[in-house]
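Peer 1:
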Amino acid sequence: MYHMLASLTLLASAAVGALASDLKIDVTLPVDCDRKTKKGDSIEVHYRGTLAANGNKFDASYDRGTPFGFQLGGGRVIKGWEEGLLDMCIGEKRTLTVPPELGYGSRGMGPIPAGSTLVFETELIGIKGVPKPETIVVRLTDSSDEAATESATETATETEAGTAGKIAEKVGEAAEFVGTILADSDDIQDHNEL
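Going by the working numbering, the first residue of the sequence shown is number 9, and it counts up by one from there.
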């Protein structure tokens, strides 16, 4: 019985983990370009970081007037940035909603409490070695209500399917684990049924 309870706890934990670790990327200013960011690029980004819980700003490069520079994929920034700033064009703006697992996790960092979901408004200013375009070409989007509703419905359906798939995978793993425990415990019992 103890093993079954432990298995169910593991299953619940895995399901919650699958749901909680998703990075949300909202492209707020889509831009067309020939060269997007990739791992290994040295990039410059302007950003504003706030706490999702209360909207309090904890840092902003805009306030300093200088973009933040780092190598993408170099492990010098949180995982939410490593993933959320890939395939981005110069001039593009994104809002990243970073769960604790892809941010600072269970440790606090200055004004950021432990376990915080973070929201970053980001703007790609430049990629080292890539000329800045003379003009930023904003990607046109269909702003009709019907297209927006259809897109939102498709996104929600894709998100639900992805979440359901992750949960199903974790349930399968937990069920296999429970089966192994039951089989192992069955081996040590005497069977005197007859």
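No residue lacks a Cβ here, since even glycine has one placed at the ideal position from N, Cα and C.
Remember, predicted model here, so these are calculated numbers, not experimental data.
#1: Considering only residues of the stretch 26-52, which uninterrupted beta strand (DSSP E) runs meet the minimum length of 3 residues and lie entirely inside it, listed in chain order?
#2: Express the C-alpha separation of THR45 and ARG205 in angstroms, rounding to a whole number.
#3: Assuming contact is defined by CB atoms lying nearer than 8 Å, are LEU110 and GLU91 in contact in what I supplied?
#4: Starting from LYS87, trace the alpha helix (DSSP H) both ways and give me its first and last residue.
#5: Roughly how many angstroms separate the alpha carbons of SER50 and THR74, rounded to a whole number?
#6: Assuming the contact rule is C-beta atoms closer than 8 Å, LEU31 and PRO107 should be a hit. Round their C-beta distance to whole Å, please.
#7: Nearest to GLY99 by alpha carbon, out of PRO139, GLY57, GLY48, LYS47?
#8: For ASP40, collect the residues of the same chain with a Cβ closer than 6 Å to its Cβ; drop the 5 residues on either side in sequence, then sort them by chain order.
#9: Going by DSSP, which residues form a beta bridge with TYR55?
#10: Is it buried or exposed for ARG115, if we count other Cβ within 10 angstroms and need 16 for buried?
#11: Quick one: what's got a C-beta closer than 7 Å to TYR1's C-beta in the same chain, skipping five residues either side?
#12: Please report the straight-line C-alpha distance between GLY88 and GLY113, rounded to a whole angstrom.
Peer 2: Working from what's here:
#1: With a minimum length of 3 residues, the unbroken runs of beta strand (DSSP E) contained wholly in the stretch 26-52 fall at 32-37.
#2: Nothing can be reported for residue 205, as the shown portion of the chain is limited to 9 through 202.
#3: In this structure, LEU110 sits near GLU91, with a CB-CB distance shorter than 8 Å.
#4: LYS87 -> alpha helix (DSSP H) spans 87-92.
#5: The alpha-carbon separation between SER50 and THR74 amounts to approximately 15 Å.
#6: The beta-carbon distance between LEU31 and PRO107, rounded to whole angstroms, is 7 Å. This is short enough to meet the 8 Å contact definition.
#7: That would be PRO139, whose Cα lies nearest to the Cα of GLY99.
#8: The residues VAL145, ARG147, in chain order, have a CB closer than 6 Å to that of ASP40 in the same chain once the five nearest residues on each side in sequence are set aside.
#9: Note: TYR55 sits in a beta bridge opposite THR130.
#10: Using a 10 angstroms sphere on the CB of ARG115, the tally of other CB atoms stays under 16, which defines it as exposed.
#11: Residue 1 falls outside the range modelled here, since the chain spans only 9 to 202, and no answer is possible.
#12: Straight through space, the alpha carbons of GLY113 and GLY88 are spaced by roughly 11 Å.
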